[in-house]
Amino acid sequence: MALLLMCSLGMLASCNRMITPRETQLSKEADAKAAEASYAEAINLYEAALDGSARSADVHYKLALIYDDKMNDPLNALHHFKRFLTLEPTGKRAEEVKGFMKRDELTLLTNLTGDSMVPRSELVRLNNENLNLRQQIGERWAEQKAASGAGKAAARPAKGQPNEKVKRSGKERSYTVQRGDTLASISRKFYKSSARWQRILDANADLLSKPADLKPGQTLVIP
697 MALLLMCSLG MLASCNRMIT PRETQLSKEA DAKAAEASYA EAINLYEAAL DGSARSADVH
757 YKLALIYDDK MNDPLNALHH FKRFLTLEPT GKRAEEVKGF MKRDELTLLT NLTGDSMVPR
817 SELVRLNNEN LNLRQQIGER WAEQKAASGA GKAAARPAKG QPNEKVKRSG KERSYTVQRG
877 DTLASISRKF YKSSARWQRI LDANADLLSK PADLKPGQTL VIP
């Protein structure tokens, strides 16, 4: 009777393993690896457990936490937080995950600009503005490169002579450059448009040879 009971229990355990979904087993193994701080192995096991079903939401959540807290990888963390919200948009952890996402987005933008003191909205604005400015600068430098050496020399005013583009007028104003300013943002402050940054650059040729020379504390002439 005892032998029969042991055989029955052995068959039951074997059957339980057979009916346990592969994804569930992989997830349990991943949990164990994560508890051992073997995060790379845990990530591989969790990713193998993803099947695209609603059950994957919990796996995406665990992956996001590992990338966020243990791997210092906000980009991958954001991906898995977004997948979690897609599968459980109104789950009990949805609001918590949205908060994590905002933090990770700010971290990525901060890494891009290197300034953690700048507000998130300002980081987005500066990033877009910098992209536009780089394009304008690239086009301008390409035009200058195509011009002949003689033409560039002729365009440069002789030392001690006023530049025609920088002639002073009674309507000129001065502006002290603030942290985070760009020529485009200064142009927007005075002209309600970022398109006139070139005019400011030309008016301050004695101080700025290119937009990248702009620094906090400089006093600019605003034509």
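Just so you know, the sequence shown maps onto residues 697 to 919 in my numbering.
For every residue, glycine included, the Cβ atom is placed at its ideal position computed from N, Cα and C.
- If the five residues before and after residue 796 are omitted, its C-beta is found closer than 8 Å to the C-beta atoms of 760, 764, 773, 777, all from its own chain and listed in chain order.
- In the displayed model, residue 781 falls within a helix according to three-state DSSP.
- Excluding residues up to 5 positions away in sequence, 912 lie with their Cβ nearer than 6 Å to the Cβ of residue 875 in the same chain.
- Following the DSSP letters along the chain, one finds residue 887 inside the alpha helix (DSSP H) bounded by residues 879 to 887.
- Excluding residues up to 5 positions away in sequence, 737, 738, 741 lie with their Cβ nearer than 7 Å to the Cβ of residue 729 in the same chain.
- Just so you know, the alpha carbons of residue 803 and residue 790 end up roughly 20 Å apart.
- In the structure shown, residue 870 falls within a strand segment according to DSSP collapsed to helix, strand and coil.
- A direct Cα-to-Cα measurement between residue 752 and residue 783 gives close to 8 Å.
- Counted as a single uninterrupted DSSP element, the beta strand (DSSP E) harbouring residue 915 occupies residues 915 to 918.
- For residue 744, the CB contacts under 7 Å within the same chain, skipping 5 residues up- and downstream, are 722 in chain order.
- Annotation: residue 884 to residue 906 spans about 18 Å, alpha carbon to alpha carbon.
- Residue environment: residue 869 is assigned as exposed (fewer than 16 neighbouring CB atoms within 10 Å of its CB, all protein chains considered).
- Here residue 758 is buried. Its C-beta has 16 or more other C-beta atoms within 10 Å.
- With respect to the C-alpha of residue 800, the residue from 878, 775, 725, 724 having the closest C-alpha is 775.
- DSSP, reduced to helix, strand and coil, places residue 911 outside both helices and strands of the structure shown, so it counts as coil.
- The straight-line gap separating the alpha-carbon atoms of residue 725 and residue 754 is approximately 14 Å.
- With respect to residue 910, residue 896 sits apart: the two C-beta atoms are not nearer than 7 Å.
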